[in-house]
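Asks:
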């Protein structure tokens, strides 16, 4: 089972692109220090958003791990059956297994994109609200 990630890691993943776009020449160490300082200064309510994203991410990682274990077990069983029966070579089965993994990865990336899109939409709404207050 993959090790679960924590809200700070998710926060860093989300903010990394923003920091790289804002100042691309900044060193990775400097970026991590700034993100750590910003995280420590966040309120519990702000951190809760990342805690919720963490739950979603950990559930996706758990499901992906289970699917991967299942796919490997099925591929091993199919390969053993094919060898036993002398019907198929292992290269055909490996291709099928890789195709299945590719489909699972594509589904996972689509779900991640939806979460990222929701985050961007929420951020844009907050930015618009801040602009209206000024």
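In the working numbering, the protein residues as written are 8 to 141. Quick reminder that beta carbons are idealized off the backbone N, C-alpha and C, glycines included. The structure presented is a predicted model; accordingly, all values stated were derived computationally and were not measured.
(1) By how many angstroms is the C-alpha of residue 52 removed from the C-alpha of residue 16?
(2) State the Cα-Cα distance for the pair residue 31 and residue 123, rounded to the nearest angstrom.
(3) To the nearest angstrom, how far is the alpha carbon of residue 66 from that of residue 26?
(4) Does the pairing of the stretch 112-130 with the stretch 61-78 give three or more beta-carbon distances under 8 Å?
(5) Among 89, 10 and 41, which one has its Cα closest to the Cα of residue 23?
(6) Which residue comes first and which comes last in the alpha helix (DSSP H) that contains residue 14?
(7) Taking CB distances under 8 Å as the criterion, tell me whether residue 57 reaches chain D.
(8) What residue from 125, 131, 82 and 74 has the CA that sits closest to residue 110's CA?
(9) Would you kindly work out how many angstroms separate the C-alpha atoms of residue 90 and residue 72, rounded to a whole number?
(10) Measuring only the C-alpha atoms, how far is residue 81 from residue 88?
(11) Shorter than 7 Å, the distance from the beta carbon of residue 42 to the closest heavy atom of the ligand MG, or not?
(12) Nearest to residue 20 by alpha carbon, out of 85, 9 and 38?
(13) Buried or exposed: where does residue 11 fall if 16 or more other Cβ atoms within 10 Å of its Cβ makes it buried?
(14) Please classify residue 9 as buried or exposed, where buried requires at least 16 other C-beta atoms within 10 Å of its C-beta.
Replies: From the atom records:
(1) 17 Å
(2) 21 Å
(3) 27 Å
(4) yes
(5) 41
(6) Counting along the chain, the alpha helix (DSSP H) containing residue 14 begins and ends at 14-29.
(7) This model lacks chain D altogether; it includes just one protein chain.
(8) Taking each of 125, 131, 82 and 74 in turn and checking the Cα distance to residue 110, the smallest one comes out for 74.
(9) Their Cα atoms are separated by approximately 27 Å.
(10) 10 Å
(11) In the structure on display, the ligand MG does not appear, and there are no ligands present to speak of.
(12) 38
(13) exposed
(14) exposed
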